[in-house]
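Residue numbers (my numbering), protein chains in the order written: chain A, 1 to 115; chain B, 116 to 233.
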Amino acid sequence: AQSVTQLDSQVPVFEEAPVELRCNYSSSVSVYLFWYVQYPNQGLQLLLKYLSGSTLVKGINGFEAEFNKSQTSFHLRKPSVHISDTAEYFCAVSEGASGTYKYIFGTGTRLKVLA
Amino acid sequence: KAGVTQTPRYLIKTRGQQVTLSCSPISGHRSVSWYQQTPGQGLQFLFEYFSETQRNKGNFPGRFSGRQFSNSRSEMNVSTLELGDSALYLCASSLVGLAGAPSKNIQYFGAGTRLSVL
């Protein structure tokens, strides 16, 4: 069975500082990996995805993530955060060859950007 | 192109009642999935529908059910509501290929329906 672990439930960071949100997954098969962001009272918005190919993927709003198969990680990074990045971030995994859209989500990381 | 539309946005029900939530997917998307989001359990997969058939199901009791119509719109129903059913219910739509397999593997989420059970 697949699982996703987001070790940090909350991450405070000052504006213009870099940030890394950690995500580790467990799966016995190949997976697809995603990061979504959720702003208050809104649904989830896709930040970036890894399906195959280059292990460094770039997303919207200046975010990027690196897929590390040996460490089963998919950490999200941004070199300089803004107040508007304050939100909850979810890492998700789906089974690559399953043929369906079942996602397993991590428990989320609340990013709080401080002025 | 319009996004995923969920109605209503907010609902208040009492224990024992039943509720129906609606989801209109993005035009051309034929797969619809439902998730429950709570502070304690996070985001949990409920079920996925494609071509009016449920093809994947999460670990929820039979009180949770759904259906999909020929125009890909979907509804989910929760019967005999319990306090623990209070949650944000999210719907996601996705493209599928000819054989129903995921295409591009991206789910697009609606804003959700917030259900409060009193």
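Cβ atoms here follow ideal geometry from the backbone N, Cα and C, with glycine treated the same way.
Check: Where the beta strand (DSSP E) containing Arg182 of chain B begins and where it ends; Outcome: Phe179 to Gln183
Check: Gln159 of chain B beta carbon less than 7 Å from that of Gln169 of chain B; Outcome: no
Check: In DSSP terms, what Leu56 of chain A is bridged to; Outcome: A:Glu66
Check: Residue environment, Val31 of chain A, which counts as buried when at least 16 other CB atoms sit within 10 Å; Outcome: buried
Check: Interface positions of the stretch 29-59 of chain A facing chain B (Cβ-Cβ less than 9 Å), listed along the chain; Outcome: Tyr32, Phe34, Tyr36, Gln38, Asn41, Gln42, Gly43, Leu44, Gln45, Leu46, Lys49 and Leu51
Check: Inter-stretch contact at 8 Å, needing at least 3 Cβ pairs: the stretch 189-200 of chain B / the stretch 72-91 of chain A; Outcome: no
Check: Contact set between Ala226 of chain B and chain A, taken where Cβ atoms lie within less than 9 Å; Outcome: Asn41, Gln42 and Gly43
Check: Backbone secondary structure at Ser84 of chain A - three-state DSSP; Outcome: helix
Check: Anticipated Cβ contact below 8 Å, Glu163 of chain B with Asn174 of chain B, distance rounded; Outcome: That belief does not hold up - the Cβ atoms of Glu163 of chain B and Asn174 of chain B are roughly 14 Å apart, past 8 Å.
Check: Closer than 7 Å to chain A by CB, Leu233 of chain B; Outcome: no
Check: Minimum C-alpha distance to Ala202 of chain B - residue among B:Thr153, B:Ser137 and B:Arg124; Outcome: B:Thr153
Check: Asn129 of chain A vs Ser73 of chain A beta-carbon contact at 7 Å; Outcome: There is no way to answer for residue 129 of chain A, as the model of chain A reaches only from 1 to 115.
Check: Within-7 Å CB hit, Thr5 of chain A to chain B; Outcome: no
Check: Residues of the stretch 151-162 of chain B whose Cβ lies closer than 7 Å to any Cβ of chain A, in chain order; Outcome: Gly157, Leu158 and Phe160
Check: Leu205 of chain B at chain A interface by Cβ criterion, 7 Å; Outcome: yes
Check: Beta-carbon proximity of Thr155 of chain A to Glu66 of chain A, cut-off 7 Å; Outcome: No information on residue 155 of chain A is available, as it lies outside the stretch 1 to 115 that chain A covers here.
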